[in-house]
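Numbers in my numbering are just positions in the sequence shown, counted from 1, shifted up by 495. Here a beta-carbon is modelled for each residue, glycine too, at the ideal position from N, C-alpha and C. This one's a predicted model, so the numbers in the text were calculated from it and none came from an experiment.
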Amino acid sequence: MLKIIMMMIFMIPLCYNLYMYWMVQLMLFLMSFIFMIMVSNNSLFLNLSYFLGTDLMSWGLILLSMWICTLMLMASESIYKYNYSKYFFTFNIIMLLLLLTLSFSSLNLFYFYLFFEGSLIPTLFLIIGWGYQPERLQAGIYLLFYTLLASLPMLVSIFFLYNNLYTLFYLKLDYNNMNYLFYISMLIAFLVKMPMFMVHLWLPKAHVEAPISGSMILAGIMLKLGGYGMVRTLKMMISMNLNLSLIWMVISLVGGFLVSLICLRQTDLKSLIAYSSVCHMSLVILGIMTMTYWGFMGSYSLMIGHGLCSSGLFCLANISYERSSSRSLLINKGLMNFMPSMCLWWFLLSSSNMAAPPSLNLLGEISLLNSVIFWSWGSMFMLSLVSFFSAAYSLYLYSYSQHGFMYSGLYSFYNGNLREFMLLMLHWIPLNFLILKSDLCMLWL
């Protein structure tokens, strides 16, 4: 693990070198491919050191972080073209990747908390520094206060745990004298980060104000930190969770359905994709809360699939935004007339978003449906509604943006370039080809 971290640290001087951002990008690609070889074929931890180590779950999420951070550099060409603090931007992405890698590979709960909260700071810099509207300050404050306010009780409960067990090592966490306050304060930080319905208001706001790189990292990785933390901490709260999981599951079931309906009312491209993330994450919460093997596998598969798919959709929305300077569906309509080749990518990523085969989302959703219906037959009605409406808003997004008359006010438009097609291809290929290697997603426990 240390060789990967050292490689990232030594990349920092390259960030401040003239015309070297492409070198950083190529080195990140190289690092991703090196890290792919370091995969474990069993559920044991490997690459162990004093407080760092990866099992198959954290390996996949670290790899996703590296991949998305590389694509962020590729997507943010306008920052380099117009020289918007480009050196600090590259440095910011490397620091963010470093903190994410450390938080996914920590074996100590306190270190995890430290890096979990630390990764918020570069994200905040991305939104406030490179966002588009003045409202980005409000979005940044929302993001900061929602996540920090929820995670302070978690810090107190970590100290309480240390006071009782004298260790915070993951593999030794087995706490039986549980009370409701400890359980809720431990869990609420992850539920806000996911985000669960009712504490999700920071997410659409942050996405709408963030630059493309901020949206990609928020949708691709930040939401997955919540799911990862839940999987890691729920094993010491099993008995309490069996009593209380009903609350979170009902909120997620009803919330997923309501958010799907909200998606159908959106005219803002980014806002629609952000709400669809809330809908997908409610399914992930459902899977983790069932505490079944299928649930954990499905949640992990959907986290990886959603990270790639949602990030790709944000890239598509940004490609339209760079040409029309608007995120509105009323202006970005009939795009098939302008960019017929880009229409294919809109279709491929929208269909992956509705969990069409052969995407990884399909594997995740089938496993999740299996686990939640096994948990309770009564959830079948709501689950079918969520599945139906998620297909509905994906179709709505595709058909309204690509079909119909084009907006007559657009007098200057140009087709997609090679960098953009490459960017979308690097989202879509892992998303659809990973199902051929699904043992990495389904056999990690």
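| query | Should G709 go down as buried or exposed, given a rule of 16 or more other Cβ atoms within 10 Å for buried? | reply | Stepping through the sequence shown from its first residue, residue 709 is reached at position 214. Burial call: buried.
| said: To the nearest angstrom, how far is the alpha carbon of P690 from that of T642? | reply: Taking the first residue of the sequence shown as position 1, residue 690 is located at position 195. Taking the first residue of the sequence shown as position 1, residue 642 is located at position 147. Each residue's Cα considered, the two are about 10 Å apart.
| field | Where L541 falls: helix, strand or coil (DSSP) | value | Within the sequence shown, numbered from 1, the residue matching residue 541 stands at position 46. Correct three-state label for L541: strand.
| Taking only runs of the alpha helix (DSSP H) that begin and end inside the stretch 539-605, which ones reach a length of at least 4 residues, in chain order? | 551-570, 572-576 and 581-600
| For S740 versus S772, is the C-beta distance shorter than 9 Å? | Residue 740 sits at position 245 when you count from the first residue of the sequence shown. Residue 772 sits at position 277 when you count from the first residue of the sequence shown. No; because the gap between Cβ atoms is not below 9 Å, this pair is not in contact.
| message | Please tell me whether S544 and M501 are closer than 9 Å, where the distance is taken between their beta carbons. | response | Taking the sequence shown and counting its residues from 1, the one referred to as residue 544 is at position 49. Taking the sequence shown and counting its residues from 1, the one referred to as residue 501 is at position 6. No, the pair does not count as a contact, with Cβ atoms beyond the cut-off.
| Is L559 near L803, with beta carbons less than 9 Å apart? | Sequence index remark: in the sequence shown, residue 559 carries index 64 (1-based). Sequence index remark: in the sequence shown, residue 803 carries index 308 (1-based). The answer is yes: Cβ separation under 9 Å.
| query | Hey, which unbroken runs of the alpha helix (DSSP H) at 4 residues or more fall wholly within the stretch 817-872? | reply | 830-833, 835-848 and 855-870
| query | E572 to M515, Cα distance in whole Å? | reply | Counting from one through the sequence shown, the residue named residue 572 turns up at place 77. Counting from one through the sequence shown, the residue named residue 515 turns up at place 20. About 13 Å.
| Quick one, are the C-beta atoms of E860 and L797 less than 9 Å apart? | Position 365 of the sequence shown holds residue 860. Position 302 of the sequence shown holds residue 797. In this structure, L797 lies closer than 9 Å to E860 by Cβ.
| request: Output the distance between the C-alpha atoms of L759 and Y888, rounded to the nearest integer angstrom. | output: Here residue 759 corresponds to residue number 264 of the sequence shown, with the count starting at 1. Here residue 888 corresponds to residue number 393 of the sequence shown, with the count starting at 1. If I take the Cα positions, the gap works out to 6 Å.
| field | Start and end residues, alpha helix (DSSP H) containing V754 | value | Numbered from 1 along the sequence shown, position 259 holds the residue referred to as residue 754. Run containing V754: I733 to C758, per the alpha helix (DSSP H) assignment.
| request: Determine the burial state of I529: buried for a count of at least 16 other Cβ atoms within 10 Å of its Cβ, exposed for fewer. | output: Walking along the sequence shown from the start, residue 529 turns up at place 34. Flag for I529 reads exposed.
| Continuous alpha helix (DSSP H) stretch holding Q761: start and end | Within the sequence shown, numbered from 1, the residue matching residue 761 stands at position 266. Neither: Q761 is in no alpha helix (DSSP H) and is coded neither H nor E.
| task | Could you tell me if K932 is buried or exposed, where buried requires 16 or more neighbouring beta carbons within 10 angstroms of its beta carbon? | result | The sequence position of residue 932 within the sequence shown is 437, counting from 1. That one is exposed.
| field | Buried or exposed by the 16-neighbour rule on C-beta atoms within 10 Å, applied to R818 | value | The residue given as residue 818 occupies position 323 in the sequence shown. Burial call: buried.
| query | Distance, Cα to Cα, F685 vs M717? | reply | As a first step, residue 685 must be located in the sequence shown, where it is residue number 190. As a first step, residue 717 must be located in the sequence shown, where it is residue number 222. The alpha-carbon atoms of F685 and M717 are separated by roughly 11 Å.
| request: Going by CA-CA distance only, name the one from I616, F654 and L647 that's closest to I636. | output: Position 141 of the sequence shown holds residue 636. Of the candidates I616, F654 and L647, the one whose C-alpha sits nearest the C-alpha of I636 is I616.
| request: Please classify F908: does DSSP put it in a helix, a strand, or coil? | output: Walking along the sequence shown from the start, residue 908 turns up at place 413. Reduced to three states, the DSSP call for F908 is coil.
| request: Tell me whether N848 is buried or exposed, calling it buried when 16 or more other Cβ atoms sit within 10 Å of its Cβ. | output: Counted from its first residue, the sequence shown places residue 848 at position 353. The residue is buried, with at least 16 neighbouring Cβ atoms inside 10 Å.
| task | For F528, name the three-state secondary structure that DSSP assigns. | result | Position 33 of the sequence shown, counting from 1, holds the residue named residue 528. In this structure, F528 counts as helix in the three-state DSSP scheme.
| task | Verify whether the separation of the beta carbon atoms of Y608 and S580 is less than 9 Å. | result | Within the sequence shown, residue 608 is the residue found at index 113, counting from 1. Within the sequence shown, residue 580 is the residue found at index 85, counting from 1. No, the pair does not count as a contact, with Cβ atoms beyond the cut-off.
| How would you write the range of the alpha helix (DSSP H) that T728 sits in, first residue to last? | As a first step, residue 728 must be located in the sequence shown, where it is residue number 233. First-last of the alpha helix (DSSP H) with T728: L718 to T728.
| Residues bridged to F664 [DSSP beta-bridge criterion] | Walking along the sequence shown from the start, residue 664 turns up at place 169. Answer is N603, bridged to F664.
| request: Kindly indicate the opening and closing residues of the alpha helix (DSSP H) around V881. | output: The sequence position of residue 881 within the sequence shown is 386, counting from 1. That run of the alpha helix (DSSP H) goes M875 to Q897.
| message | Less than 7 Å between C-beta atoms, sequence neighbours within five positions excluded: which residues of the same chain meet that for G911? | response | Residue 911 sits at position 416 when you count from the first residue of the sequence shown. Same-chain partners within the cutoff: I814, M834, S836 and M837.
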